[in-house]
Amino acid sequence: RRGAGGVAEETRRSAAASAALLAVLGLLGGARAARAVGKSKPLFGLSGANDVKNLDGYNFEGLSGGLEAKMSQGYDKVKPVCQEMSYMVNGGSRLSENVATRVVCDRADLIKDKDAKKPAKK
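The numbering of the sequence shown is the numbering used here, which starts it at 2 and goes up by one.
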(Lines of atoms letter the chains of each structure in order from A and count residues from 1; the text may use other names and numbers.)
(Lines give C-alpha, C1' and ligand atoms only; values in the text may rest on other atoms or scores of the structure.)
Protein backbone atom coordinates (compact mmCIF):
# COMPACT_ATOMS: atom_id res chain seq x y z
CA ARG A 1 0.00 0.00 0.00
CA ARG A 2 1.12 3.47 -0.74
CA GLY A 3 0.76 6.48 1.45
CA ALA A 4 -0.28 9.95 0.39
CA GLY A 5 3.29 10.68 -0.75
CA GLY A 6 3.30 7.67 -3.12
CA VAL A 7 0.10 8.79 -4.84
CA ALA A 8 1.44 12.32 -5.29
CA GLU A 9 4.70 10.98 -6.72
CA GLU A 10 2.83 8.76 -9.18
CA THR A 11 0.69 11.71 -10.26
CA ARG A 12 3.79 13.83 -10.86
CA ARG A 13 5.37 11.06 -12.93
CA SER A 14 2.24 10.76 -15.05
CA ALA A 15 2.11 14.52 -15.59
CA ALA A 16 5.79 14.65 -16.53
CA ALA A 17 5.44 11.75 -18.97
CA SER A 18 2.40 13.39 -20.59
CA ALA A 19 4.20 16.71 -20.95
CA ALA A 20 7.24 15.02 -22.52
CA LEU A 21 5.05 13.14 -24.99
CA LEU A 22 3.23 16.30 -26.03
CA ALA A 23 6.52 18.15 -26.49
CA VAL A 24 7.91 15.40 -28.76
CA LEU A 25 4.71 15.29 -30.84
CA GLY A 26 4.72 19.08 -31.14
CA LEU A 27 8.30 19.11 -32.42
CA LEU A 28 7.68 16.40 -35.00
CA GLY A 29 4.45 17.91 -36.31
CA GLY A 30 5.81 21.45 -36.29
CA ALA A 31 8.93 20.51 -38.24
CA ARG A 32 6.94 18.91 -41.04
CA ALA A 33 4.57 21.87 -41.30
CA ALA A 34 7.49 24.33 -41.24
CA ARG A 35 9.20 22.51 -44.12
CA ALA A 36 6.02 22.54 -46.21
CA VAL A 37 5.23 26.23 -45.80
CA GLY A 38 6.73 28.52 -48.43
CA LYS A 39 7.73 25.79 -50.86
CA SER A 40 6.14 24.69 -54.10
CA LYS A 41 5.48 21.25 -52.63
CA PRO A 42 1.87 21.11 -51.28
CA LEU A 43 1.23 20.27 -47.65
CA PHE A 44 0.66 16.50 -47.29
CA GLY A 45 0.46 16.21 -51.10
CA LEU A 46 -2.96 17.91 -51.23
CA SER A 47 -3.66 20.85 -53.50
CA GLY A 48 -6.28 22.06 -55.96
CA ALA A 49 -3.92 21.45 -58.87
CA ASN A 50 -3.50 17.78 -57.91
CA ASP A 51 -7.25 17.29 -57.60
CA VAL A 52 -8.18 18.64 -61.04
CA LYS A 53 -7.01 15.48 -62.80
CA ASN A 54 -8.83 13.29 -60.24
CA LEU A 55 -12.13 15.08 -60.84
CA ASP A 56 -12.18 14.70 -64.63
CA GLY A 57 -15.40 13.07 -65.80
CA TYR A 58 -17.65 14.26 -62.98
CA ASN A 59 -20.71 16.29 -63.99
CA PHE A 60 -20.83 19.05 -61.38
CA GLU A 61 -23.13 21.18 -63.54
CA GLY A 62 -25.81 18.51 -63.18
CA LEU A 63 -25.86 19.07 -59.44
CA SER A 64 -26.62 22.77 -59.49
CA GLY A 65 -30.29 23.52 -58.87
CA GLY A 66 -31.67 20.07 -59.59
CA LEU A 67 -31.30 18.65 -56.10
CA GLU A 68 -33.44 21.27 -54.39
CA ALA A 69 -36.19 20.95 -57.01
CA LYS A 70 -36.36 17.18 -56.59
CA MET A 71 -36.41 17.40 -52.80
CA SER A 72 -39.17 20.04 -52.85
CA GLN A 73 -41.42 17.80 -54.94
CA GLY A 74 -41.31 14.98 -52.42
CA TYR A 75 -41.59 17.14 -49.31
CA ASP A 76 -45.33 17.76 -49.68
CA LYS A 77 -45.90 14.01 -49.49
CA VAL A 78 -44.02 13.53 -46.22
CA LYS A 79 -44.37 16.91 -44.51
CA PRO A 80 -45.50 16.80 -40.87
CA VAL A 81 -49.18 17.38 -40.19
CA CYS A 82 -49.90 18.37 -36.60
CA GLN A 83 -53.12 18.45 -34.61
CA GLU A 84 -53.72 19.88 -31.16
CA MET A 85 -55.59 17.38 -29.02
CA SER A 86 -57.01 17.66 -25.50
CA TYR A 87 -56.92 14.69 -23.16
CA MET A 88 -58.65 14.17 -19.81
CA VAL A 89 -55.98 13.20 -17.29
CA ASN A 90 -56.82 11.59 -13.96
CA GLY A 91 -54.22 11.68 -11.24
CA GLY A 92 -51.68 13.94 -9.68
CA SER A 93 -51.30 14.79 -6.03
CA ARG A 94 -54.98 15.71 -5.62
CA LEU A 95 -56.41 12.86 -7.73
CA SER A 96 -58.37 15.35 -9.80
CA GLU A 97 -59.30 15.46 -13.45
CA ASN A 98 -57.33 17.87 -15.58
CA VAL A 99 -57.33 18.64 -19.27
CA ALA A 100 -53.93 18.25 -20.88
CA THR A 101 -53.34 19.64 -24.35
CA ARG A 102 -50.88 17.80 -26.58
CA VAL A 103 -49.70 18.33 -30.13
CA VAL A 104 -49.60 15.11 -32.16
CA CYS A 105 -47.70 15.13 -35.46
CA ASP A 106 -47.50 12.53 -38.20
CA ARG A 107 -46.29 12.39 -41.78
CA ALA A 108 -48.84 13.32 -44.45
CA ASP A 109 -48.37 10.05 -46.39
CA LEU A 110 -48.93 7.93 -43.27
CA ILE A 111 -52.13 9.82 -42.44
CA LYS A 112 -53.34 9.26 -45.99
CA ASP A 113 -52.61 5.51 -45.73
CA LYS A 114 -54.45 5.26 -42.38
CA ASP A 115 -57.49 7.02 -43.84
CA ALA A 116 -57.48 4.67 -46.84
CA LYS A 117 -57.41 1.58 -44.60
CA LYS A 118 -60.34 2.74 -42.44
CA PRO A 119 -63.68 1.20 -43.43
CA ALA A 120 -66.17 3.60 -44.98
CA LYS A 121 -68.85 4.93 -42.62
CA LYS A 122 -72.42 3.88 -43.38
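C-beta: ideal position from N, C-alpha, C; glycine also.
As the structure is a prediction and not an experimental result, all values here were calculated from the model.
For glutamate 85, the uninterrupted beta strand (DSSP E) segment begins and ends at 81-92. Counted as a single uninterrupted DSSP element, the alpha helix (DSSP H) harbouring alanine 109 occupies residues 109-118.
The segment 79-90 and the segment 105-123 touch, with no fewer than 3 CB-CB distances between them shorter than 8 Å. In this structure valine 105 is in contact with glutamine 84, their Cβ atoms being roughly 6 Å apart against a cut-off of 8 Å.
Annotated three-state conformation of serine 65 is coil, per DSSP. For the 9 Å CB-CB criterion, methionine 86 and threonine 102 form a contact. Across the structure, aspartate 114 and leucine 68 are spaced so that their CA atoms are roughly 27 Å apart.
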